[in-house]
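Inspection log for the structure reproduced underneath, given as structure tokens.
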Amino acid sequence: MKEIKTKLLVIGAGPGGYICAIRAGQLGIDTVVIEAGKPGGTCLNVGCIPSKALIHAADEFDKVAHLSGENALGISTTKPTIDLTQTMEWKDGIVSRLNFGVAGLLKKHGVKTVEGWAKFRDGKTVEVTTPTGPQIIRAEYVVIATGSKPVELPFLPFGDKVISSTEALSLTEVPKKLAVVGGGYIGLELGIVYAKLGAEVTVVEAAKSILPQYDKDLVRPVVKRLNDLGIKVMTNAKAKGLSTKGNSLLVENGGGADHKIPADKILVTVGRKPVTEGWGLEEIDLRMDGAFIHINDKCETSMRRTYAIGDVTGEPMLAHRAMAQGEMVAEIIAGEKRAWDKVCIPAVCFTDPEIVTAGLSPAEAKELGHDIKTDLFPFQANGRAMSAEREEGFVRIVARADNHLVLGIQAVGAGVSEMSAGFAFALEMGARLEDIAGTIHAHPTQSEAFQEAALKTLGHALHI
Ligand code: FAD
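Under the numbering used here, the first residue of the sequence shown is numbered 27, with each subsequent residue one higher.
Following this line, the structure appears as structure tokens:
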């Protein structure tokens, strides 16, 4: 059997694994990365990128559809149609270009990529089932970056009718009726896509609100937009299975009453779980935190010279967290002194409108015992948002009452995802309200709402 020896072995080439391998390569570490699927992992192949491509396509379609009716802009056009097969080919083209890009970057930095499924034989040896036969790889250091996969409900097993986000990103026809089980960010992003493309969408959520991790003020503009798009939302509602004929979703709502929701496709997005099976976790017997691999502030597991990064290590399951961990671990292995001390990991929910959170919400800050000052600036008073016909939403700042240190920033509105970097930067740099208020923000931009939110929290907003 073919055998390779390397200094660093990375299992999984998702955002965590490929960034770790690239950085290790840059630092001159002899590195092998093993990937069973395509480079880029969930994020690039069946997550962040394809979902954002479809969101873009659906937005363009919706814009034209909106313009083909009565509109104040004086533009007229004919009703749009969509060839979803062609849309998916366009989306696949973007994914392929990026697959090629990641593979190229790994190569450029001297990383060897092995295609196949890795399984531990012992703590520093794995056997890989490659297309050309089994291969043994021995390493001094191992990074586990095996990611996560969709949670399947036992009473709604995935198949042709019941699908996960993966299949929802590759449908070739817009379902007439789509039921979405789970009103979290993945279900809503995809539900909105299909509603804009013409599907009749019903979202079933067990909690008392969709996007239950956010406060009411942030969720309200999204709820309104779902309503405008004709998306039905059932909260306090539990999916129970398929009807006998298999053409409807059975839902128990509140007082135990059953509902039948006719559906051509049922998209189940009730969460994601770490990939901890099938690669020999039992062989190496790592300490766990519930379903996730336990790590410390250096991403070290309970086994010497074995690290874990990304979704397999817990929440927040986000690509940029995985990447930051991957980069840090490569530098630690290269001998640099690094530890995880991030002030915030911004999170974006790419619904319509989008939601951004960075740092603490007002409730979280109070729970931690902070005496706070908080206020928001609405996009209704922002000229750029008005000129884009997107006046919903706001930017909100949470700061300490005594010294005005900014503790958290939240926003909801069209395109606010692009403001997330400024929010994270302010928090990482330890900005005070006066720093944001005193930074000249270009006019007319939506980001002026950030400056105005700081001014308003200080008690002297200029445009409201
Ligand atoms: P993954 O990306 O899951 O990669 C793990 C890789 O390891 C996989 O390619 C897998 O094939 C490989 N692997 C696993 N086990 C083995 C083995 N034994 N041998 C060989 N290879 C193996 N996050 C964001 O930050 N922003 C978003 O907008 C966003 N949108 C999303 C939309 C959807 C629909 C989904 C599903 C997810 C989205 N995410 C988003 C989450 C994001 O995709 C994940 O947080 C991210 O991919 C985690 O990276 P990772 O490296 O930990 O694991």
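The beta-carbon is built from N, C-alpha and C at its ideal position, and this holds for glycine as well.
Residue i, DSSP secondary structure in three states
| i | result |
| --- | --- |
| residue 8 | No information on residue 8 is available, as it lies outside the stretch 27 to 490 that the chain covers here. |
| residue 481 | helix |
| residue 472 | coil |
| residue 276 | strand |
| residue 209 | coil |
| residue 7 | Since the first and last residues shown for the chain are 27 and 490, residue 7 lies out of range. |
| residue 33 | strand |
| residue 298 | strand |
| residue 250 | helix |
Through-space distance from residue j to residue i, alpha-carbon basis
| i | j | result |
| --- | --- | --- |
| residue 386 | residue 211 | 19 Å |
| residue 425 | residue 397 | 9 Å |
| residue 89 | residue 390 | 37 Å |
| residue 200 | residue 359 | 48 Å |
| residue 329 | residue 313 | 8 Å |
| residue 168 | residue 176 | 25 Å |
| residue 409 | residue 469 | 9 Å |
| residue 355 | residue 324 | 7 Å |
| residue 392 | residue 435 | 14 Å |
| residue 334 | residue 407 | 46 Å |
| residue 39 | residue 283 | 46 Å |
| residue 68 | residue 353 | 18 Å |
| residue 307 | residue 317 | 12 Å |
Beta-carbon separation (whole angstroms), residue i vs residue j, contact threshold 8 Å
| i | j | result |
| --- | --- | --- |
| residue 373 | residue 344 | 6 Å |
| residue 441 | residue 472 | 6 Å |
| residue 110 | residue 75 | Contact flag wrong, Cβ pair sits at about 18 Å. |
| residue 114 | residue 198 | 6 Å |
| residue 218 | residue 291 | 15 Å between Cβ atoms; not a contact. |
Delimiting residues of the beta strand (DSSP E) encompassing residue i
| i | result |
| --- | --- |
| residue 420 | 420 to 426 |
| residue 156 | 151 to 156 |
| residue 260 | 258 to 260 |
| residue 46 | Careful: residue 46 lies outside any beta strand (DSSP E), inside the alpha helix (DSSP H) at 41 to 52. |
| residue 146 | 143 to 148 |
| residue 333 | 332 to 334 |
| residue 380 | 380 to 385 |
| residue 74 | Premise fails: residue 74 lies in the alpha helix (DSSP H), 74 to 94, not in any beta strand (DSSP E). |
Residue i Cβ short of 7 Å to the ligand ATP heavy atom set
| i | result |
| --- | --- |
| residue 376 | The ligand ATP is not part of this structure, which contains only the ligand FAD. |
Residue j beta carbon less than 8 Å from that of residue i
| i | j | result |
| --- | --- | --- |
| residue 132 | residue 44 | yes |
| residue 206 | residue 295 | yes |
| residue 483 | residue 399 | yes |
| residue 338 | residue 319 | yes |
| residue 255 | residue 266 | no |
| residue 416 | residue 437 | no |
| residue 154 | residue 160 | yes |
| residue 237 | residue 230 | no |
Residue i: first and last residue of the uninterrupted alpha helix (DSSP H) it sits in
| i | result |
| --- | --- |
| residue 119 | 110 to 134 |
| residue 346 | 345 to 359 |
| residue 462 | 459 to 463 |
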